[in-house]
Every structure is written in C-alpha cells, then in structure tokens.
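For reference, the structure discussed in these notes is given below.
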Amino acid sequence: MTDTTRDTAFALTRRTMVEACAATAAVTGLGIPGAGGPASAAPAPGDPAPQMMPMRLTVNGTPHDLILDTRTTLLDALREHLDLNGSKKGCDHGQCGACTVLVGGRRINACLTLAAMHEGDAITTIEGLGTEAALHPLQAAFLHHDGYQCGYCTPGQICSAVGMLAEVEAGWPSHVTGDLTAKAVLTDAEIRERMSGNICRCSAYPNIVAAIRDVAGIDL
Ligand code: FES
Ligand code: FES
1 MTDTTRDTAF ALTRRTMVEA CAATAAVTGL GIPGAGGPAS AAPAPGDPAP
51 QMMPMRLTVN GTPHDLILDT RTTLLDALRE HLDLNGSKKG CDHGQCGACT
101 VLVGGRRINA CLTLAAMHEG DAITTIEGLG TEAALHPLQA AFLHHDGYQC
151 GYCTPGQICS AVGMLAEVEA GWPSHVTGDL TAKAVLTDAE IRERMSGNIC
201 RCSAYPNIVA AIRDVAGIDL
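Residue numbering for the sequence shown follows this note's numbering, beginning at 1 and increasing consecutively.
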C-alpha cells in the first residue's frame, strides 16, 4: 500500500467514524433538526449527508419510534438505539449467527438487514423469549446442559434454535434430510446441519445439540 493509499484509507475510516457518531448523536436527540437538540457539526465537503428516517420498530411486543440513518442495520438499531444488547455483534458480516433474532417467527441475521426494512414486523430478541422467573424452554435447556462457556454466541444460538424448530415443525427439509417427502426426524446430524449458521468459538456444540434435542417435540 502506498503512502497516498494509506492516507486515503485512514481518511475514509475516520470519516466513517464521524458519520456513525453523528447518526448516534442525532438519534439521541442531540443533532436532528427539529429534535430539540443543538445542530451537529457541518459535514466535510463532499461527505454524503446521512438520510434520516422516522420508523416504528416493534420489538418484543413494544413499539419504539426512532429516527435513524437509513443505513442503520437492525442489529445496530437494537443494540445502539434500543439498549437491547442481548443480540451480539460477532462478525457483522452474516458469518457467525451471534446476531440472530426472530422476525415474524423466522430467524434472520440482524447484521445483514436494515432497520428501515422492518417497520410493522414483529421482532423478537433474546430479551423477549423468556423472563428470569419463567425461562423459555430452550433457555432452560441451555442452562441445564451447560450449552455455553463464554456465552457470547448463546442469545443467537437460542433464537436460531427457536426458529429452526419452527422450520422443522413446518416440514422444511435440510441438506441432510433423507426423505424429502416426510417430516424430518430431528437427529443430531439434522440439528448440527440446521444450526450450522451459528458458530460457537468455545465449541460448546455437544451441549448445544443436547439442549436442542431435549426441547425438540415440545410445543413452543
Ligand atoms: Fe451477524 Fe455475525 S454478527 S452473523
Ligand atoms: Fe463462547 Fe459460544 S459459548 S462462543
């Protein structure tokens, strides 16, 4: 990399940071025209202005009115703007599954979708699955089977497992399903295949599989 290229890369990184900070400040009421806060610093010449958009996100049954940069991912909206930090940012590239949430009952990677695309959707995060007093059966099974070590991947694993069990219930086959005309039997191989989008760096896989196997067949 030449010095010029390196300088340009640094400038872009710094500019991205400034834009991100500006968007966050805006949503907290510090910089949105009409939001009652002081005006934010003028963007540098040539910077694209953030496009702010009002939206209502319904998360765990509660509607939230937000004004977000249209580029805000659902994951950042949840974590940075709604203080729902259960969903984790592992890779931010759709590769680890740590950010998995349920939208309309289906599991998705919240880092790969824009918040603005989910107005009117029922979004469920790990915070909405159960309570300390009444854990979701999968939360209880993960505890019972020690289905985690550091726990970083666990919210995504559990949300993914909820969605995955619904897929099995609906008759969706997986890559390892033998008979595509019959409802899949949830063998360990099926569980591993269907959960393969959720990476556990601690390799708690045997216990994760055991926890899910316990809950399979329960009416969730
Ligand atoms: Fe979304 Fe890794 S953070 S898949
Ligand atoms: Fe540590 Fe899964 S428990 S990454």
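Positions of the beta carbon are idealized from the N, C-alpha and C atoms, including for glycine.
* Asked: Can you find at least 3 beta carbon pairs, one from the stretch 75-82 and one from the stretch 46-64, that sit closer than 8 Å?
  -> Yes: the two stretches touch, three or more of their Cβ pairs being nearer than 8 Å.
* Can you tell me which of the three DSSP states ASP109 falls into? => Here residue 109 is taken as the residue at index 109 of the sequence shown, counted from 1. Position check: residue 109 holds Asn in this sequence, whereas Asp was assumed. The three-state reading of DSSP puts ASN109 in strand, counting E and B together.
* How would you label ASN105, buried or exposed, when you count the other beta carbons within 10 angstroms and need 16 or more for buried? -> In the sequence shown, counting from the first residue as 1, residue 105 sits at position 105. It should be noted that the sequence gives Gly, not Asn, for residue 105. By the neighbour-count rule (16 or more Cβ atoms within 10 Å), GLY105 is not buried but exposed.
* To do: Tell me whether CYS111 counts as near ligand 1, meaning its Cβ is closer than 7 Å to at least one heavy atom of that ligand.
  => Within the sequence shown, residue 111 is the residue found at index 111, counting from 1. Yes, ligand 1 has a heavy atom inside 7 Å of this Cβ.
* With 16 as the cutoff for other CB atoms within 10 Å, does MET230 come out buried or exposed? -> Residue 230 lies beyond the residue range present for the chain, which begins at 1 and ends at 220; the question has no answer from this structure.
* To do: Indicate whether VAL162 and LEU129 have their beta-carbon atoms separated by less than 8 Å.
  => Within the sequence shown, residue 162 is the residue found at index 162, counting from 1. Within the sequence shown, residue 129 is the residue found at index 129, counting from 1. Yes; because the gap between Cβ atoms is below 8 Å, this pair is in contact.
* Asked: Is HIS93 near ligand 1, going by C-beta to nearest heavy atom under 7 Å?
  -> For the purposes of this step, residue 93 is identified with residue 93 of the sequence shown, where counting begins at 1. Yes, since a heavy atom of ligand 1 falls inside the 7 Å radius drawn around the Cβ of HIS93.
* If you measure from the CB of CYS153, is any heavy atom of ligand 1 nearer than 7 Å? -> Translated into the one-based positions of the sequence shown, residue 153 becomes position 153. CYS153 Cβ: outside cutoff for every heavy atom of ligand 1.
* Cα-Cα separation, GLY46 to CYS150 -> Your numbering for residue 46 matches position 46 in the sequence shown. Your numbering for residue 150 matches position 150 in the sequence shown. Computed Cα separation, rounded: 44 Å.
* **Separation of PRO155 from ASN60, as counted between CA atoms** => The residue you call residue 60 lines up with position 60 of the sequence shown. The residue you call residue 155 lines up with position 155 of the sequence shown. The straight-line gap from Cα to Cα measures roughly 14 Å.
* Pull up the distance between the alpha-carbon of MET195 and that of ILE208, whole angstroms please. => Looking up residue 195 in the sequence shown gives position 195. Looking up residue 208 in the sequence shown gives position 208. About 10 Å.
* First and last residue of the uninterrupted beta strand (DSSP E) at THR58 -> For the purposes of this step, residue 58 is identified with residue 58 of the sequence shown, where counting begins at 1. Where THR58 is concerned, the enclosing beta strand (DSSP E) starts and stops at 52-59.
* **CYS200 CB to nearest heavy atom of ligand 4 below 7 Å** => Ligands in the displayed structure: ligand 1 and ligand 2; ligand 4 is not one of them.
* Could you pull out every residue in the same chain whose Cβ sits closer than 8 Å to the Cβ of GLU190, ignoring the five residues on either side in sequence? => Counted from its first residue, the sequence shown places residue 190 at position 190. The beta carbon of GLU190 sits closer than 8 Å to the beta carbons of VAL168, SER174, VAL176, THR177, ALA184 from its chain, once the five residues preceding and following it are set aside; these are given in chain order.
* To do: Note down the Cα distance separating HIS136 from ASP92, rounded to an integer number of angstroms.
  => Locating residue 136 in the sequence shown gives position 136, where the first residue counts as 1. Locating residue 92 in the sequence shown gives position 92, where the first residue counts as 1. The straight-line gap from Cα to Cα measures roughly 27 Å.
* Please go through the same chain and pick out, in chain order, the residues whose beta-carbon is closer than 7 Å to the beta-carbon of GLN139, but skip the five residues on each side of it. => For this step, residue 139 is matched to residue 139 along the sequence shown. Same-chain partners within the cutoff: LEU129, GLY130, ILE158.
* Asked: Taking the alpha helix (DSSP H) that LEU138 falls in, what are its first and last residues?
  -> Here residue 138 refers to the residue found at position 138 when the sequence shown is read from its first residue. Taken as a continuous stretch (DSSP letters only), the alpha helix (DSSP H) holding LEU138 covers 137-145.
* Asked: So does CYS150 have its beta carbon nearer than 7 Å to some heavy atom of ligand 2?
  -> Within the sequence shown, residue 150 is the residue found at index 150, counting from 1. For ligand 2, at least one heavy atom lies less than 7 Å from the Cβ of CYS150.
* Can you tell me the Cα-Cα spacing of PHE226 and PRO43, whole angstroms? -> One cannot answer for residue 226 here, as it falls past the ends of the chain, which runs 1 to 220.
* Asked: Which partner residues of HIS81 appear in the DSSP bridge assignment?
  -> Stepping through the sequence shown from its first residue, residue 81 is reached at position 81. BP columns for HIS81 are empty, so no partner.
* To do: Identify the continuous beta strand (DSSP E) that holds PRO63 and give its terminal residues.
  => Indexing the sequence shown from 1 puts residue 63 at position 63. Unbroken beta strand (DSSP E) run through PRO63: 62-69.
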